[in-house]
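Numbering (the working numbering), first residue to last: 1368 to 1664. Comments concern the structure below.
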């Protein structure tokens, strides 16, 4: 998922000023997030060079290895705003983001029904399954997208719930018990402590939270919530391109928002693309033992 879907509310329970501005200035892609299959998602975002899941693939594999060194039991990861299970596809299979763009925008894919695409995807991913797989639980407010990730076998469990609007179901709470890593590659702009607090409460052990956050957005509310659970948040100095702007209005919005946040848009947003920074939240002891620069390629 990207940050262009309007599903969340602010920390105070209503839409924040920043979210109102973002909704007005950023192009909206609502229609691509809850289709029966991912074809529209890749067709819309491919021409804009959307790259965040590809960046996350490398980072999440390193985080998974750091959290489960030398263990045979698969790590359990919760992917927030999971959409069709794209992060799970990249994490657990020998496939690149560019190959997924080609896979879902090909003439062969265009001619298929959703049922046929599901059958093809099951075989496609099964043949590329990695031995060091992570058990991925998906959470997203889009029921058809989550259902696709489950049907194809990308998500071990999937939940179509919006925790900004309602508490997690008992089934979701049970699924989160063994989670060690929570990930977000898009949508953090529209999440708040309302989503994170019940998830951290449900987890039995210490959890790491890794979020790719647009530089146009603030992560302070979420980081403050995580601090209440003993997690210290670090932000990478390195940034990651998200996607190209759709028009000059988006560029102006991004440059103004980044500047207002006290950041420098030169050679980043000024060059025509949104950028994200990785925010990693961990217990203080883990921060000391494993420096952030050893985990981020």
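Heads up, the beta-carbon is just placed ideally off N, CA and C, and yes, glycines get one too.
Practice task
Return the chain-ordered ranges of every beta strand (DSSP E) run that is complete within the segment 1559 to 1618 and spans a minimum of 3 residues.
Solution key: When DSSP assignments are scanned along the segment 1559 to 1618, the uninterrupted stretches of beta strand (DSSP E) that are 3 or more residues long and fall wholly within it turn out to be 1575 to 1581, 1598 to 1611.
Problem - Per DSSP, cross-strand counterpart(s) of residue 1649 - result: 1599
Practice task
Identify, in the order they occur along the chain, each residue of the same chain with its Cβ nearer than 6 Å to the Cβ of residue 1596, setting aside the five sequence neighbours on each side.
Solution key: The residues are 1567.
Handout entry: Closest Cα partner of residue 1583 within the set 1565, 1495, 1590, 1640
Key = The shortest C-alpha separation from residue 1583 is found at 1640.
Exercise for the section: Quickly, what does DSSP pair residue 1536 with across the bridge? List them, please. Expected result: Note: residue 1536 is not bridge-paired with any residue in the DSSP secondary-structure output.
Problem - 7 Å CB neighbourhood of residue 1352 in its chain, flanking five on each side removed - result: With the chain running from 1368 to 1664 in the structure shown, residue 1352 is simply not present.
Handout entry: Through-space distance from residue 1519 to residue 1414, alpha-carbon basis
Key = 25 Å
Practice task
Taking 7 Å as the cut-off, decide whether the C-beta atoms of residue 1495 and residue 1470 are in contact.
Solution key: Contact: no.
Handout entry: Secondary structure of residue 1385, DSSP reduced to three states
Key = Any answer about residue 1385 is weak, because its pLDDT of 46 lies below 50 and its placement is not dependable; what the coordinates show is given next. The three-state reading of DSSP puts residue 1385 in helix, counting H, G and I together.
Practice task
Within the same chain, show all residues whose beta-carbon is closer than 7 Å to that of residue 1580, passing over the 5 residues directly before and after it, in chain order.
Solution key: Excluding the 5 residues flanking it on each side, residue 1580 has same chain C-beta neighbours closer than 7 Å at 1555, 1586, 1643, 1644, 1646, in chain order.
Handout entry: Where residue 1632 falls, given that 16 or more other Cβ within 10 Å makes a residue buried
Key = buried
Exercise for the section: Can you grab the Cα-Cα spacing for the pair residue 1484 / residue 1657, in whole Å? Expected result: 42 Å
Practice task
Within the same chain, show all residues whose beta-carbon is closer than 6 Å to that of residue 1648, passing over the 5 residues directly before and after it, in chain order.
Solution key: 1576, 1593, 1598, 1600
Practice task
For residue 1636, count neighbouring Cβ atoms within 10 angstroms of its own Cβ and tell me buried if that reaches 16, exposed if not.
Solution key: Residue 1636 is buried by the Cβ-count criterion.
Handout entry: Among 1429, 1479, 1510, 1463, the one whose alpha carbon lies nearest that of residue 1399
Key = Measuring from the Cα of residue 1399, the nearest candidate turns out to be 1510.
Problem - Inter-residue spacing [alpha-carbon to alpha-carbon] between residue 1473 and residue 1451 - result: 18 Å
Handout entry: Whole-angstrom distance between residue 1424 and residue 1412, CA atom to CA atom
Key = Computed Cα separation, rounded: 17 Å.
Practice task
Pair every Cβ in the segment 1436 to 1449 with every Cβ in the segment 1542 to 1557, then say whether three or more of these pairs are closer than 8 Å.
Solution key: yes
Practice task
Check the C-beta distance from residue 1455 over to residue 1505 and give it rounded, since I have them as a contact under 8 Å.
Solution key: Correct: roughly 7 Å between the Cβ atoms.
Handout entry: residue 1744, enclosing beta strand (DSSP E) - first and last residue
Key = Examination of residue 1744 is not possible in this model, given that the chain is present from 1368 through 1664 alone.
Handout entry: Cα-Cα separation, residue 1652 to residue 1627
Key = Within the model, the alpha-carbon separation for residue 1652 versus residue 1627 is close to 33 Å.
Practice task
Hey, could you find the ends of the alpha helix (DSSP H) residue 1527 is sitting in?
Solution key: Premise fails: residue 1527 lies in the beta strand (DSSP E), 1524 to 1527, not in any alpha helix (DSSP H).
Handout entry: From 1659, 1449, 1517, residue whose alpha carbon lies closest to that of residue 1552
Key = 1449
Exercise for the section: Rank 1427, 1421, 1407 by C-alpha distance to the C-alpha of residue 1662 and give the top, closest one. Expected result: Nearest C-alpha to residue 1662: 1427.
Problem - Anticipated Cβ contact below 8 Å, residue 1531 with residue 1561, distance rounded - result: 5 Å
Exercise for the section: Report yes if the CB atom of residue 1573 is closer than 7 Å to the CB atom of residue 1650, and no otherwise. Expected result: yes
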